[in-house]
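Numbering (our numbering), first residue to last: 96 to 267.
Positions of the beta carbon are idealized from the N, C-alpha and C atoms, including for glycine.
Written below as structure tokens is the structure these notes are about.
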Amino acid sequence: MKLSHPFLCYKGVFDGIVTHNNQLVIFEIKTSDRIKNSLATSFDYPLQVAAYAGLINYDKSLDLKITNGLIMVCYPLKDQPATLLEVDFNNMKKYWRKWLKKLSQFWAYEDKNVGPKTQNIFGASRRVNEYNFIYTYTYLTRTRTSSLRTASSSHSLKEIRSGRKRKENMKT
């Protein structure tokens with residue numbers, strides 16, 4: 096299901112909502128070449144789950160409040176069973192704050208470096224803006240060892256900014 100947050104200006108498509116331990120949780124399926132035994136070794140997976148929970152909790156048509164998540168990591172190249180990683184309420188709050196910080200860093204970078212070009216979402220400046228989003232997101236998700244992780248969901252800047260532009264147009 097594709098959802099958007101018009102005030103925080105991001106969109107996402109999550110894998111599902113399931114019942115786990117008698118509770119509705121957001122469910123995300125990932126693949127990896129490396130074993131992920133904890134949230135700490137799972138890169139941005141819990142961050143993404145927190146972002147999706149924010150979308151679900153904001154959407155009034157769903158009438159759901161998601162406070163926990165479940166990530167299933169599959170290993171297609173290894174003879175290894177899938178790992179289930181639970182994102183409990185306290186971790187969800189922690190990763191939600193991290194997500195808001197990354198989102199804030201992205202928009203600060205975007206506003207500083209792209210500026211007025213974002214008003215033109217067609218033609219060449221649209222391509223530049225989409226590149227800037229993917230580049231900036233990748234830059235903001237550098238690991239401590241400076242190796243890059245790719246964005247698991249790459250949305251165009253047009254899709255992400257659509258809510259922000261509507262909000263700006265209402266002010267003028």
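Helix or strand or just coil, what does DSSP make of residue i?
| i | result |
| --- | --- |
| Ser199 | helix |
| Lys131 | coil |
| Asn224 | The pLDDT assigned to Asn224 is 40, lower than 50, so where the model puts this residue is not dependable, and the model offers no usable value. |
| Lys207 | helix |
| Tyr105 | strand |
| Lys173 | coil |
Along the alpha helix (DSSP H) that carries residue i, what are the first and last residues, could you check?
| i | result |
| --- | --- |
| Leu159 | Neither: Leu159 is in no alpha helix (DSSP H) and is coded neither H nor E. |
| Tyr153 | 140-153 |
How many Å lie between residue i and residue j at the Cα?
| i | j | result |
| --- | --- | --- |
| Leu198 | Pro171 | 31 Å |
| Gln143 | Lys160 | 17 Å |
| Thr114 | Leu157 | 16 Å |
| Leu103 | Phe201 | 11 Å |
| Lys131 | Ile124 | 13 Å |
| Gln175 | Ser133 | 16 Å |
| Thr178 | Asn116 | 17 Å |
| Ala148 | Ser99 | 11 Å |
| Glu205 | Tyr105 | 14 Å |
Going by other Cβ atoms of all chains shown within 10 Å of its Cβ, with 16 needed for buried, is residue i buried or exposed?
| i | result |
| --- | --- |
| Met96 | exposed |
| Phe122 | buried |
| Ala146 | buried |
| Gly107 | buried |
| Phe109 | buried |
| His112 | Sequence check: residue 112 is Ile here, not His. Buried. |
| Ala135 | exposed |
| Ser127 | buried |
Just confirm the distance between the C-beta atoms of residue i and residue j, as a whole number of angstroms; I'd bet it's less than 8 Å.
| i | j | result |
| --- | --- | --- |
| Met187 | Asn152 | Met187 to Asn152, Cβ: 10 Å. No contact. |
| Tyr95 | Ile166 | As shown, the chain starts at 96 and ends at 267. That puts residue 95 outside it, with no answer to give. |
| Ser137 | Leu180 | 6 Å |
Hey, could you find the ends of the beta strand (DSSP E) residue i is sitting in?
| i | result |
| --- | --- |
| Ser99 | 97-100 |
| Thr178 | 178-182 |
| Thr114 | 111-114 |
| Thr126 | 119-126 |
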